[in-house]
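Note that numbering that gives the first Met the number 0 gives residue 163 to position 164 of the sequence shown, counting from 1, and the numbers run on in steps of one.
Even glycine gets a Cβ: it sits at the ideal position worked out from N, Cα and C.
These figures come from a predicted structure and were not determined experimentally.
Encoded as C-alpha cells, the structure appears first; notes follow it.
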Amino acid sequence: MTPTTPQTPRSWQTMLTPLLVPSLAIFTALAIGAVIIVATGADVLAAYGGLFMGAIGTPRSIAYTLVEATPYIFGGLAVLVGFRGGLFNIGVEGQIAVGSMCAAIVGAFVDLPFGLHALVAFAAGALGGAVWGAIPGWLRARTGAHEVITTIMFNYIAIRATDYLIKVPFSDPESSAQRTPFIAPGAELPFLFGPDYRLHIGFLIGIGMVFLTNWLLNRTIIGFEIRTVGANPDAADYSGMNVGRSLVTTMAFSGLLAGMAGAIQVLALEHNLKASFSAGYGFDSIAIALLAASNPLGVIPAAIFWGALRNGAGLMQLNSGISINLINIVQALVIAFVAADQIVRQIYRIRTAKSSNIKLTRGWGR
C-alpha cells in the first residue's frame, strides 16, 4: 500500500489573507491619518472619536451610514462584475446617471397604479443602466474598442445629456432649482423605520443583489462563462464559448446594477433628480470592488466602511476642527494599500499568496 502524504495544515495567515490584507490596509491608512492629524496640531482622539460617533455612535448614525453605503453596494457590485469578466467598467458613474434619469422620468411623468408605479420606475432605471453598459460591451466585442476608453467617453455623454434633460425638457416649472418634478407618491420606495432615519428598502435590495450576484457568478453557467472569459478569452473561445456574447452580457449586468443604484437614490431618497446628481458614486465604487477583493460578499463590509467614513466626516471636523478632506486622504491611502498589497504584506510580514484567482482586466492589447 502506498502511503499517503499528509497534507500540510494551512496557516491562519494563508486562510485569512483575503480579509487580512484589506483590514491591515485600512488600519495602516487610519494610522497614517492619525500622524497627519497630529502634524496639524489637532486632537487625534477628538477626530477619530467624532468619526466613530458620527458613523455608528447612535442608532440614527448607523441608519445614516447604511443609507450612505447603499449606492456603494450597487456600484461596487457593478465594477466587480466587470472585473470578474476581465473588463474594467469605468462607466458606472454614467450608468448611474442614466438609471436615475430613467427612474425620475417614469416616476414623475408616467401615471400608474400605486405600488406598480414604483416597480416600473425601478425597472426602468435598471434597464437604462443595462442598455448604457451594454453599448461599450458590444463595441468591445465587435470592434475591439477598449472598454476603459469607451466607458469614460460614455460617462461624459450620460452626465451632460442628463443635465440637459433636467434643465430643459423635464425641468420642474414650479421650482427655482434645476431639478425634475417630484415623483408620484405611488412611485416612492418605502422607508424601513420612518423618514427620520432615512434608511430605506433599497439597502435590503442591495443586500439581496449581493447574494444574487454571488450565486450567479459562482453557481450558474452564465457566471462560469463570465469568469472563464475573464480569465482566458482564448481558452474560452477554443472551448466553444461565445466570447462576444459574454462581453456584452458582463457589461449589461454591470450597467444593470449601476442603474439600480441611480434608481434607488431617486425613488427612495431624493424623490426627484437634481442637476449634478451623482456624488462620485461610480468612481468610488472602483475602490469598493478593490477593497472587496472582487468577492461579491466582500462588497457589503467594504461599502459600509466607505459609508461610515462619509457619514462620520462631518462630526469629525466639528469635534477636532480639521478639514473634512482628511477623509479623502484616508480613502486614497486605503485604495493605494489595497492596490499595492505587497506593501502591506512586507510591513506586516504576511506570506505572499502563491496564486490568485482574481483577474481584474486583460490589458490594453486584448
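Query, Result
"Alpha carbon of Asn-356 to alpha carbon of Leu-126, nearest angstrom", "Confidence at Asn-356 is low in this model, with a pLDDT of 48, below 50, so the placement of that residue should be treated as unreliable; the coordinate-derived value is given next. Answer to the nearest angstrom: the Cα atoms are 30 Å apart."
"For Asp-340 and Leu-18, the rounded distance between their alpha carbons", "12 Å"
"Between the CA atoms of Gly-243 and Ala-140 - distance to the nearest angstrom", "5 Å"
"Alpha helix (DSSP H) segments (min. 4 residues) lying fully within the stretch 275-343", "280-290, 298-319, 325-338"
"Run of the alpha helix (DSSP H) containing His-116, from where it starts to where it stops", "115-142"
"Helix, strand or coil at Arg-178 according to DSSP, with G and I counted as helix", "strand"
"For Phe-190, the three-state DSSP class (helix, strand or coil)", "strand"
"Among Val-66, Ala-41, Thr-57, the one whose alpha carbon lies nearest that of Ile-263", "Val-66"
"Whole-number beta carbon distance between Val-343 and Leu-29, since they are thought to touch under 8 Å", "The pair is not a contact, with the Cβ atoms about 13 Å apart (cut-off 8 Å)."
"Any 3 or more C-beta pairs closer than 8 Å across the stretch 280-297 and the stretch 120-134", "no"
"Same chain only: Cβ atoms within 6 Å of Ser-253, ignoring 5 sequence neighbours per side", "Ala-77, Val-80, Gly-81, Asn-88, Gly-132"
"Distance, Gly-40 Cα to Leu-256 Cα", "43 Å"
"Helix, strand or coil at Thr-1 according to DSSP, with G and I counted as helix", "Because the pLDDT of Thr-1 is 47, which lies under 50, any placement of that residue in the model is unreliable, and the number read from its coordinates should be weighed accordingly. Coil."
"6 Å CB neighbourhood of Ala-62 in its chain, flanking five on each side removed", "Tyr-196, Leu-198"
"Inter-stretch contact (C-beta, 8 Å, three-pair minimum) for the stretch 86-100 and the stretch 149-167", "yes"
"Phe-169 - containing alpha helix (DSSP H), residue span", "Looking at the DSSP string, Phe-169 is not in any alpha helix (DSSP H), and its letter there is neither H nor E."
"Exposed unless 16 or more other CB atoms sit within 10 angstroms - verdict on Arg-373", "No information on residue 373 is available, as it lies outside the stretch 0 to 365 that the chain covers here."
"Contacting residues, own chain, Cβ-Cβ under 8 Å from Gly-136 (five flanking each side not counted)", "Leu-86, Glu-146, Leu-246, Val-247, Thr-248, Thr-249, Met-250, Ala-251"
"Alpha-carbon to alpha-carbon, Val-265 and Ala-103", "6 Å"
"Neighbourhood of Pro-184 by C-beta, 6 Å cutoff - its chain only, sequence neighbours within 5 removed", "none"
"Cα-Cα separation between Ile-31 and Ile-25, rounded to whole angstroms", "10 Å"
"Outcome for Leu-118 when other beta-carbon atoms lying within 10 angstroms are tallied against a minimum of 16", "exposed"
"Buried or exposed (CB count within 10 angstroms, at least 16 for buried), Trp-305", "buried"
"Where the alpha helix (DSSP H) containing Thr-212 begins and where it ends", "200-218"
"Selected residue, minimal CA-CA separation from Met-381, among His-116, Gly-56, Asp-283, Ala-107", "There is simply no residue 381 to check, as the chain begins at 0 and stops at 365 in what is shown."
"For Ile-321 and Tyr-347, the rounded distance between their alpha carbons", "30 Å"
"Ser-354 versus Gly-313 - alpha carbon distance", "With a pLDDT of 48 at Ser-354, under the threshold of 50, the predicted position of this residue should be treated as unreliable, though the coordinate-derived value follows. Taking the straight line joining both Cα atoms gives about 41 Å."
"Ile-323 to Ala-278 span [Cα, whole Å]", "15 Å"
"Range of the contiguous alpha helix (DSSP H) that encloses Phe-252", "242-263"
"Burial state of Leu-308 (16 or more Cβ within 10 Å)", "buried"
"CA-to-CA distance, Ala-230 to Leu-216, given in whole angstroms", "13 Å"
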